[in-house]
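Below is one structure, written out as structure tokens, with a few remarks after it.
Numbering (the numbering used here), first residue to last: 4 to 158.
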């Protein structure tokens with residue numbers, strides 16, 4: 004099978020969402036449009052992940068499976084973080100990578116790079132680089148992201 008003939012399966016959520024309920028069959032999509040739609044879906048799901056606050060802060064070490072459950076889906080609240088603090092930046096970077104590893108299986112080799120904080124801005128800019136798992140070849144992707152500290156929202 005040629006690379007141009009490979010179909011990319013949509014996520015379960017995207018298959019359940021029907022933008023055209025009157026149409027009983029979906030038209031065949033090209034690999035390029037399927038890949039573009041997959042990247043948009045991953046971006047949407049990353050925004051949901053980053054904008055969800057965890058309901059449990061600390062998990063005992065002996066409850067390892069709990070660290071991958073829906074109870075810890077999302078991120079801790081970083082709205083009070085000092086964006087110029089190297090320790091807060093390192094913690095944010097580590098927490099984001101861990102959340103993506105646990106809850107976004109379509110991405111691998113995740114790296115988060117934080118841009119230098121600007122003087123007066125109450126926001127932190129960073130970039131998420133990863134490999135999008137698409138058979139037969141993984142696709143490199145980059146998501147430019149901003150954490151707005153005044154409301155704790157990621158964009």
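The beta carbon of each residue, even a glycine, is placed where N, CA and C say it ideally should be.
| Check | Outcome |
| --- | --- |
| Taking all protein chains shown into account, decide if residue 8 is buried (16 or more other Cβ within 10 angstroms of its Cβ) or exposed. | Unreliable placement is indicated for residue 8, whose pLDDT of 46 sits below 50; the coordinate value is still reported in the next sentence. Exposed, since its Cβ has fewer than 16 Cβ neighbours within 10 Å. |
| Could you give the DSSP three-state label for residue 62: helix, strand or coil? | coil |
| With a floor of 3 residues, list each beta strand (DSSP E) that falls wholly inside the stretch 60 to 118, ordered by position along the chain. | 110 to 117 |
| Note down, in chain order, each residue of its chain lying with its Cβ closer than 6 Å to the Cβ of residue 57, except the 5 sequence neighbours on either side. | 75, 77 and 79 |
| Compare the Cα-Cα distances from residue 112 to each of 148, 88, 106 and 100 and report the closest residue. | 100 |
| Buried or exposed: which applies to residue 153, given that a residue is buried once 16 or more other Cβ atoms fall within 10 Å of its Cβ? | exposed |
| Under 7 Å Cβ to Cβ from residue 106, same chain only, skipping five residues before and after it: list those, please. | 52 and 76 |
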